[in-house]
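Quick note, the sequences are listed as chains A and B, same order.
Counting in this note's numbering, the first sequence runs from 153 upward without gaps.
Counting in this note's numbering, the second sequence runs from 870 upward without gaps.
All C-beta atoms, glycine included, are put in the ideal place defined by N, C-alpha and C.
These notes are about the structure you will find just below.
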Amino acid sequence: MTNTIDSRTVQENSGRDNARRKDRILGLSGRGLVWLTLILFAIASVVPMIWLVLAPSKSAADLITLSPFAFGSFEQYGIAWQNLMVFQEGRLLTWVWNSVWYTALIVLISCVTAIMAGYALATAPIPFRRALLLTTLVAMIVPPVALVIPLFIEVTTIGIYNTPWAIILTSSFYPFGTFLAYIYFSTSIPKELYEAARIDGAGEFGTFMRVALPLSKGLIGMLAFFSFTANWVNYFLPYVLVNSGEILTLPVGLGVLFSSTPGINPMLGASILPIRQPEIALAGLLIAVPILIVFLASSRLLVRGVLAGSVKS
Amino acid sequence: MFLPYFILLIAFGIIPVILAFFTSMRPSMINPDGGLLNYLIVIQDFRFLPAVINVTTFLVIYVPLMLIVVAIMSLLLDTLKGRWAIGLRTAYIVPASISGAVAILVWYFMLEPTYSPYREALQALGITEGTQVWSQENLVGIFVLMTFFTGAGMWIVVQYGSLQSIPDELLEAARIDGANQIQIGLQIKLPLIRKYLIYMAILVFAAGLQIFVEPFLISASVYPGIADNWSLNQLAYAFAFEAANLGAAAALSLMLLVVCIIVALIAIYKTDFFDEAGVKKK
Chain A
153 MTNTIDSRTV QENSGRDNAR RKDRILGLSG RGLVWLTLIL FAIASVVPMI
203 WLVLAPSKSA ADLITLSPFA FGSFEQYGIA WQNLMVFQEG RLLTWVWNSV
253 WYTALIVLIS CVTAIMAGYA LATAPIPFRR ALLLTTLVAM IVPPVALVIP
303 LFIEVTTIGI YNTPWAIILT SSFYPFGTFL AYIYFSTSIP KELYEAARID
353 GAGEFGTFMR VALPLSKGLI GMLAFFSFTA NWVNYFLPYV LVNSGEILTL
403 PVGLGVLFSS TPGINPMLGA SILPIRQPEI ALAGLLIAVP ILIVFLASSR
453 LLVRGVLAGS VKS
Chain B
870 MFLPYFILLI AFGIIPVILA FFTSMRPSMI NPDGGLLNYL IVIQDFRFLP
920 AVINVTTFLV IYVPLMLIVV AIMSLLLDTL KGRWAIGLRT AYIVPASISG
970 AVAILVWYFM LEPTYSPYRE ALQALGITEG TQVWSQENLV GIFVLMTFFT
1020 GAGMWIVVQY GSLQSIPDEL LEAARIDGAN QIQIGLQIKL PLIRKYLIYM
1070 AILVFAAGLQ IFVEPFLISA SVYPGIADNW SLNQLAYAFA FEAANLGAAA
1120 ALSLMLLVVC IIVALIAIYK TDFFDEAGVK KK
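This is the structure we're talking about:
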């Protein structure tokens, strides 16, 4: 951080000098400062992740004595895993499985509904189209956290509190996805294509299936990307909507590990559970690694998706 | 085609808000008459003002910090070419995978002198005990650090992406006119990505206003009680689940929601970000 600001100040100061000297300074030290800033920021970006990956390779004692970036041994990952399995007789596996199938269903439902709705908004005459689009935009900008308490009230009212469906159904409302699909179908695919299919006698759904969908592989990837990355790590909503141990998700379960084991809770120093810092780090990795892989593989989708609202095709 | 989404929109976008409104009017133990008094009870609660101050302080640091760092870093990144830019971009995206509960975990270790990769730096600052870091006066800074770290890299990559869409001819013309890199950056590139930066600031503000996980998990597990009722959402949570006053919880949630909706409407109607969406009347 300090480095970022320092180098900026230096650059701005040099920018106020007369033009020629400025160019020369820029050419040498300016260039160096730019590189230094960019590289320091990159190092700061990867340090926590590297630490997290290495932590379970060491025992709790080694974590303190060895260098933070030392590698322990592969066996330690196995030991840490076995220790984690001691917690409530392998409850962690249940949480992993829950997170996998909840998220899979959420991604499926949210993407299918969003892509169909976006297509309809872009191509079909829908009553109150502008109002619906506006509602979708507002819902997309308002962070999902804002609706947690209202959703809790609703979920208890309709009787699905503390069931997987409380999480799955509420998380499947995907205004951002609908907006992305709407932008895609109204800008990236020429209107003539839809019209041609209709003239050939395909109905609205037929046109969607045979013309629009085969042309939207990129869009589907983008929708799945944003839906997955948001829901895999979601904490507040599942935390409030379910409370039985066997239906929790992995992030909420990680919170349970925080508060019921001595891993990162100094107050619980005398616990008999073998779950300490390496085990906690390993549990954290289970959440972080799938997200990391998806981000690294799809950063292109990230850029296209976030800016979709205003980028002309 | 629109129907499945429409059902979800009504069921989980509109109805919860309506239900919350009626709930916020409900009588409770401390307010047998219910009604708008629930809102007053929230505002007059002794924890309300401190939470407003906490969240405001947090936003005042967090939002400008994000704007400035993201703008500078993406402009700097855009001065590089090819492979180097791709490598750095990949590094910047990494922290985005450390969010929510995992962010608490990671930052606990980063700031704990016995474990931290930055232990030498911490010790040089005279910090040898975790409790020196995890004190109430440092909480704003810690939460800014956590949320900044999770979001900044991702936004740098996004803004870098928007810089990439600036036509080369435009930059070439500026170069021929004698503009140096700094002038090109500040006078040409920056104005061109202005609307993306404003859009980012709006999203970051709305999310920051609703901050919950970081103070909640720290306070519930790592350092018990250190950040109880620190944010407004935590207070709403406390009303609902600790005081069993759902009316007050709903009232507070709706107040926060209204601020977010206003912010969203500003984003839609007062910025040019959504011009392509066709919501505004032409």
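When the Cα atoms are used, what is the spatial distance from residue i to residue j?
i	j	result
residue 927 (chain B)	residue 200 (chain A)	23 Å
residue 1015 (chain B)	residue 459 (chain A)	24 Å
residue 1009 (chain B)	residue 1092 (chain B)	15 Å
residue 262 (chain A)	residue 226 (chain A)	39 Å
residue 1002 (chain B)	residue 189 (chain A)	26 Å
residue 891 (chain B)	residue 298 (chain A)	17 Å
residue 955 (chain B)	residue 1078 (chain B)	33 Å
residue 936 (chain B)	residue 951 (chain B)	25 Å
residue 979 (chain B)	residue 308 (chain A)	39 Å
residue 196 (chain A)	residue 220 (chain A)	14 Å
residue 1127 (chain B)	residue 1101 (chain B)	14 Å
residue 1018 (chain B)	residue 278 (chain A)	42 Å
residue 1059 (chain B)	residue 260 (chain A)	38 Å
residue 255 (chain A)	residue 185 (chain A)	43 Å
residue 932 (chain B)	residue 1011 (chain B)	15 Å
residue 1027 (chain B)	residue 449 (chain A)	15 Å
residue 288 (chain A)	residue 203 (chain A)	40 Å
residue 875 (chain B)	residue 1042 (chain B)	49 Å
residue 415 (chain A)	residue 907 (chain B)	40 Å
residue 346 (chain A)	residue 340 (chain A)	12 Å
residue 1038 (chain B)	residue 943 (chain B)	20 Å
residue 282 (chain A)	residue 1149 (chain B)	9 Å
residue 941 (chain B)	residue 923 (chain B)	27 Å
residue 187 (chain A)	residue 1030 (chain B)	19 Å
residue 384 (chain A)	residue 904 (chain B)	38 Å
Is the CB-CB distance between residue i and residue j below 8 Å?
i	j	result
residue 222 (chain A)	residue 434 (chain A)	no
residue 401 (chain A)	residue 251 (chain A)	yes
residue 870 (chain B)	residue 374 (chain A)	no
residue 310 (chain A)	residue 1109 (chain B)	no
residue 294 (chain A)	residue 1075 (chain B)	yes
residue 1146 (chain B)	residue 285 (chain A)	yes
residue 446 (chain A)	residue 377 (chain A)	yes
residue 911 (chain B)	residue 1117 (chain B)	yes
residue 324 (chain A)	residue 877 (chain B)	yes
residue 429 (chain A)	residue 984 (chain B)	yes
residue 379 (chain A)	residue 326 (chain A)	yes
residue 946 (chain B)	residue 1057 (chain B)	no
residue 1023 (chain B)	residue 406 (chain A)	no
residue 194 (chain A)	residue 960 (chain B)	yes
residue 1099 (chain B)	residue 920 (chain B)	yes
residue 897 (chain B)	residue 417 (chain A)	no
residue 235 (chain A)	residue 431 (chain A)	yes
residue 938 (chain B)	residue 993 (chain B)	no
Answer with yes or no whether the minimum CB distance from residue i to chain C is below 8 Å.
i	result
residue 246 (chain A)	Note that chain C does not occur in the displayed structure, where the protein chains are A and B.
Taking a cut of 9 Å between CB atoms, which residues from the segment 367-393 of chain A lie near chain B? 381, 385, 386, 387, 388, 391, 392
Name the residues in the segment 883-913 of chain B whose C-beta lies less than 7 Å from a C-beta of chain A; which are they? 884, 885, 886, 888, 889, 892
At least 3 beta-carbon pairs within less than 8 Å: the segment 966-978 of chain B vs the segment 1076-1086 of chain B: yes
Decide if the segment 357-366 of chain A is in contact with the segment 233-242 of chain A; the criterion is three or more beta carbon pairs, one per stretch, under 8 Å apart. The segment 357-366 of chain A vs the segment 233-242 of chain A: no contact.
When you check each C-beta in the segment 241-266 of chain A against every C-beta of chain B, which residues fall closer than 9 Å? 261, 262, 264, 265, 266
Short-range partners of chain A found in the segment 1101-1118 of chain B, where Cβ spacing is below 9 Å: 1102, 1105, 1106, 1108, 1109, 1110, 1115, 1118
Which ranges does the alpha helix (DSSP H) cover as unbroken runs of at least 4 residues, wholly within the segment 1016-1088 of chain B, from first to last along the chain? 1037-1045, 1063-1078, 1082-1086
Can you pull out the residues from the segment 434-449 of chain A whose beta carbon lies closer than 9 Å to at least one beta carbon of chain B? 435, 436, 437, 439, 440, 441, 442, 443, 444, 445, 446, 447, 448
Got a sec: which bits of the segment 978-1012 of chain B sit with their beta carbon under 9 Å from any beta carbon on chain A, in order along the chain? 978, 979, 981, 983, 984, 985, 986, 987, 988, 999, 1000
Which complete alpha helix (DSSP H) runs does the segment 257-299 of chain A hold, if anything under 4 residues is left out? Taking only runs of at least 4 residues, the alpha helix (DSSP H) segments lying wholly in the segment 257-299 of chain A are 281-293.
Could you pull out every unbroken alpha helix (DSSP H) segment of at least 4 residues lying fully inside the segment 927-972 of chain B, listed in chain order? 951-962
Mind the definition here: the segment 1124-1140 of chain B touches the segment 1065-1082 of chain B only if three or more C-beta pairs lie below 8 Å; say whether that holds. yes
Residues, ordered as in the chain, of the segment 925-954 of chain B that lie near chain A by beta-carbon distance below 8 Å: Flagged, chain order: 938, 941, 942, 945, 946, 948, 949.
Does the pairing of the segment 385-396 of chain A with the segment 331-351 of chain A give three or more beta-carbon distances under 8 Å? Output reads no: the segment 331-351 of chain A does not touch the segment 385-396 of chain A.
Using a Cβ cut-off of 8 Å, which residues of the segment 395-406 of chain A contact any Cβ in chain B, in chain order? 403, 404, 406
Three or more beta-carbon pairs under 8 Å between the segment 335-353 of chain A and the segment 268-281 of chain A, yes or no? yes
Quick check: the segment 887-904 of chain B against the segment 1054-1063 of chain B, are at least 3 beta-carbon pairs closer than 8 Å? Counting Cβ pairs under 8 Å, fewer than three are found: no touch.
Determine which residues of the segment 202-222 of chain A have a Cβ less than 7 Å from any Cβ of chain B, and write them out in chain order. 203, 204, 215, 216, 220, 221
Which runs of the beta strand (DSSP E), 3 residues or longer, sit entirely within the segment 344-384 of chain A? The qualifying runs do not exist here; there are none.
Taking contact to mean 3 or more Cβ pairs, one atom from each stretch, closer than 8 Å, check whether the segment 1050-1057 of chain B and the segment 346-357 of chain A are in contact. No, the segment 1050-1057 of chain B is not in contact with the segment 346-357 of chain A.
Chain B contacts made by the segment 329-340 of chain A, where a contact means CB separation under 8 Å: From the segment 329-340 of chain A, only 330, 331, 334, 335, 338, 339 have a Cβ closer than 8 Å to chain B.
Give me the subset of the segment 953-968 of chain B whose CB atoms are less than 7 Å from a CB atom of chain A, sorted by chain position. So the close ones are 957, 958, 959, 960, 961, 962, 963, 964, 965, 966, 967, 968.
Along the segment 302-326 of chain A, where does the CB come closer than 8 Å to a CB of chain B? Name the residues. Residues passing the 8 Å Cβ filter: 302, 303, 304, 305, 306, 309, 321, 322, 324, 325, 326.
Give, in chain order, every residue of the segment 1030-1054 of chain B whose Cβ lies closer than 9 Å to some Cβ of chain A. If the cut-off is 9 Å between Cβ atoms, the segment 1030-1054 of chain B has 1030, 1031, 1033, 1034, 1047, 1049, 1050, 1051, 1052 near chain A.
Residues within the segment 271-291 of chain A neighbouring chain B, beta-carbon criterion of under 8 Å: 271, 272, 273, 276, 278, 282, 284, 285, 286, 287, 288, 289, 290, 291
Could you list the residues in the segment 1076-1095 of chain B with a C-beta less than 7 Å from some C-beta on chain A, going in chain order? 1076, 1079, 1081, 1082, 1086, 1089, 1090, 1091, 1093
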